[in-house]
Amino acid sequence: MKNVLFFLFMISQSLLAQQRNYDTLPNLPEHYVKRIAVFKKQPVSTEKVIMLGNSITEGGDWKKLLTDTTIINHGISGDVTFGVLNRLDEITKRKPSKVFLMIGINDLSRNTPTEVIIENIFNITYRIRAASPKTQFFVQSILPLNESFQNFPTQFRGKQEQVIHINTKLKKYADKMKYTYIDLHSKFTNKDGNLEAKYATDGLHLTAAGYQNWSSILKPYLKNK
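Residue numbers (this note's numbering): 573 to 797.
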């Protein structure tokens, strides 16, 4: 634990020296507030599986996809790593058996530095582990993008290399930070290194086939809840 705290401290000190020129708010602040209100009204039941993330997570019918009616979807469209950090109490008070996190792509659209995104994900990991030590925590890679779609959201253009950089770091530090890293990226990538067209509606968000692919990757991790 001391090594982890020192590791986080060193990262945070290096980032303090950087001038903040990026936005830390979720992309859809009104939707964020509405979703938080919904979460607060949910019964607090323990040892459930929680899906945590942004619109890509929120868009999944996880109870059906993973054939588990107890799964809780805490995805919020437009959310960023700062938004997840802000709402972690709603997660940890439920003492979930497992948490599956995918977050970071919206941060890139706000020009948040990759190292800040990585640090925030590490902080999410630490806080969940500290408040709910029996929870198994899974960090999923950020998905690839496909800019060839005519309706591709322009704010995500040119972010592919940053996605790869973040994923590489998340994989590298999984053991040190004591989470399980799940590589979704390579399972969604075509021969050109982009998001496979059949999995995407706009080069960013997923089709039904995309969610089926995702759920098939996650199912082995749901055993032995």
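In this text, a Cβ means the ideal position worked out from N, Cα and C, and glycines have one as well.
Can you check whether the CB of residue j is closer than 7 Å to the CB of residue i?
i	j	result
F728	S681	yes
K743	Y753	yes
T686	H737	yes
N678	N626	yes
L778	N718	no
Y594	T684	yes
K763	I789	no
P598	D651	yes
L660	Y783	no
D755	S713	yes
Assuming the contact rule is C-beta atoms closer than 8 Å, residue i and residue j should be a hit. Round their C-beta distance to whole Å, please.
i	j	result
T664	I700	6 Å
G647	E630	3 Å
In terms of alpha-carbon separation, which member of the options lies closest to residue i?
i	options	result
V656	G631, D633, I689, I789	I689
L624	I643, L637, K613, V616	I643
S649	W634, I675, G782	I675
T761	K748, V735, M749	V735
F694	T641, A746, A609	A746
G775	Y793, S713, P725	P725
K667	P601, H603, V621	V621
T773	M749, F721, I608, E619	F721
Y751	Y793, V610, T639	Y793
I608	G632, T618, N645	N645
L596	T641, N692, K748	Residue 596 is actually Thr in this sequence, not Leu. Here the closest residue by C-alpha is N692.
K791	Q614, T618, D640	D640
Please report how far the alpha carbon of residue i lies from the alpha carbon of residue j, in whole angstroms.
i	j	result
W634	K670	14 Å
P705	N723	42 Å
K731	L715	11 Å
I628	H757	14 Å
F672	T707	10 Å
A780	V616	30 Å
A702	A769	40 Å
N658	E733	27 Å
As an exercise, report each continuous beta strand (DSSP E) stretch of at least 3 residues that is fully enclosed by the segment 710-788, in chain order.
752-754
Only counting runs of 3 or more residues, tell me where the beta strand (DSSP E) segments fall wholly within the segment 593-662, in order along the chain.
621-625, 644-647
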